[in-house]
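Using the numbering used here, the letters of the sequence shown correspond one by one to residues 437 to 913.
Here's the structure, in structure tokens; my notes come after.
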Amino acid sequence: MSATRSLDTAAAQTRSTRSQWSAIILLVVSGMLSSMQFTLVVPSLPSFSATLGVVAEDASWLVTITLLAGAVGTPVLSRMADMYGRRRMLLVALGLLVAGSLVAALGPGFNWVLAGRALQGFASSIVPIGISLLRDMMPAERSGTAIAVMSATVGLGSATGLLLSGLLSQSFGTAGIFAFSAIGGALAMCGILALVRESAPYPGGRFDVLGALGLSVILTSALFVISKSGWWSTHPVPLGIISAVGVVTACLWVPLQLRSRRAVIDLRTAFRGPVLLTNIATFFATAGMFGNHLLTAHEVQAPAGVGAGLALGPVEAGLVMIPASLAMAVFSPVAGGLLNRIDGRRVLALGALVMSLAFMFRLFTHGTLVTIVIGAALVGVGTALSFAAMPALIMAYTPTQDAAAANGINSLIRTFSGAATSAAFAFLLSGFALSAGSSQFLTQTGLSIAFGSIAASCALAAMLGMLLPAARDRGER
């Protein structure tokens, strides 16, 4: 009889483990799908410009509007996930992704596509909500690996989006990009309904609508000014007004949040020493991932003789990122294993240091496809390590009931880092560029400055990581 019970118990544990890993795979795929939304349209912007009959500057709003919506939606949906249920808000985020994809694919003009891209931006909350769900679902000894893989979807999805963009647009037109997202989102929703469960009770309560509106104004104005920093020379008055609105709103919003019992962002937690330091390190480390995407695609697509150009097309440029994506996929479980064995701050510092050394390698080895691929892959290794450590550290320093909101802020920091990296890239183009047709490409000097600056940024992230205090175990909170 005891032997039968043992077999039944073992069988039940096996089924439970399989169910957990099925849910993990589903959440990882959902995270990748959300991260793709920022890069799926980037290589195909010239095609969108021609298809929709707009100038290149207007077409760039298809990227900017998604960043803006993601910046606003991530902290709001993440906070609502802590209050009303993480699985529920995960489905809401995926539903907005599907709705936005359908609007963009079927809409008759540019404004419809722009509205659809805004709805797609809310999907950026999938990763922080999914990470919090994983911590609830997985035992402590295996949570590190699951969280590491989920966190790496930011890099994996971004790189995969660059690869798929050209393939989808060439095969199915620009609408095919949005149809792919709609189908993927719908399948993910069905899978989550069938496989993902959560047992933790949620406090509910009244959501801080006024705080959410104030946060939306602050984030939108800040991200808009960063992403359009090149406009200061031609549109100083509008940017000045937008900046002033953001500053005034922030001055009113901060005391309101400090008094609120259900604040959208718990400022006392967000500015707690270890959490704040982790978010600052996140900003500088994330520049490595975005810089890798931007500079690699730029370098290989530049005409021969311009900088280190290889004159590759959008599809071939996406293929160059495959080794970096594979490196992230392979080293994400490795990073999870390290998180289960050593302190997360050391994993963060190691990952940032690897990225810094990789950009130093790229600084001194320009010009061949082999060295570009090796350099990009090394950055992918560092991205996998550092991105695995970021949410693990945030959750170690944050009460369990605020996990999704805290991860949402960390995800927001990554978004701002990406916007700042893009703005810095545009600034470099204004001073160190050569024209080739209707496009501009960095000179050798510009590339060297870019690689050296990002190497320094990642080195700073590594130093900040080592300044963090030792993280507590889950059971100590």
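Glycine included, C-beta positions come from ideal geometry on N, C-alpha and C.
- Taking C-beta atoms as the reference points, F800 and I890 fail to come closer than 8 angstroms.
- Taking a cut-off of 8 angstroms on C-beta distances, the region 709–719 does not touch the region 765–773, as fewer than three cross pairs fall below it.
- For G867, the enclosing alpha helix (DSSP H) covers residues A839 to G867.
- DSSP, reduced to helix, strand and coil, places L870 within a strand of the structure shown.
- In this structure, the alpha-carbon of A842 lies about 13 angstroms from that of I562.
- Where R777 is concerned, the enclosing alpha helix (DSSP H) starts and stops at I758 to R777.
- F877 is bridged by DSSP to L870.
- Within the same chain, Cβ atoms closer than 6 angstroms to the Cβ of T857 are found at A723, F726 and G727, the five residues on either side in sequence being excluded.
- Contact check for G543 against G531 fails: the beta carbons are separated by 8 angstroms or more.
- Straight-line spacing of the CA atoms in V645 and S514 works out to 14 angstroms.
- Of the residues G536, L651 and S587, the one whose Cα lies closest to the Cα of A615 is G536.
- Inclusion of L864 and A886 in the CB contact set at 8 angstroms is warranted, their separation being smaller than that value.
- Going by beta carbons, V490 and F558 fall outside the 8 angstroms limit.
- Under the 10 Å beta carbon count, V539 is surrounded by 16 or more other beta carbons and is classified as buried.
- Note that the C-beta distance between M525 and F643 is not below 8 angstroms.
- The beta carbon of A618 is closer than 7 angstroms to those of V534, S537, L538 and A541 in its chain, skipping five residues each way along the sequence.
- Its chain contains P759, A760 and A763 as the residues whose beta carbon lies nearer than 6 angstroms to that of A813, once the 5 sequence neighbours on both sides are disregarded; these appear in chain order.
- By the C-beta density criterion, L550 is buried, having at least 16 other C-beta atoms within 10 angstroms.
- Three or more pairs of CB atoms, one per stretch, sit closer than 8 angstroms, so the region 593–601 contacts the region 474–484.
- For L904, the three-state secondary structure derived from DSSP is coil.
- In chain order, L476, V477, S480, S601, L604 and S605 place their CB closer than 7 angstroms to the CB of I613, counting only its own chain and leaving out the 5 sequence neighbours on each side.
- Straight across, the Cα-Cα distance linking S466 with G621 is about 7 angstroms.
- Note that the region 656–663 touches the region 500–509; at least 3 beta-carbon pairs, one per stretch, sit closer than 8 angstroms.
- Secondary structure at R695: helix, using DSSP grouped into helix, strand and coil.
- Considered as a whole, the region 559–588 harbours no complete run of any beta strand (DSSP E) with no fewer than 3 residues.
- Comparing C-alpha distances from L878 to each of A892, A588, C894 and F861 shows the shortest one belongs to F861.
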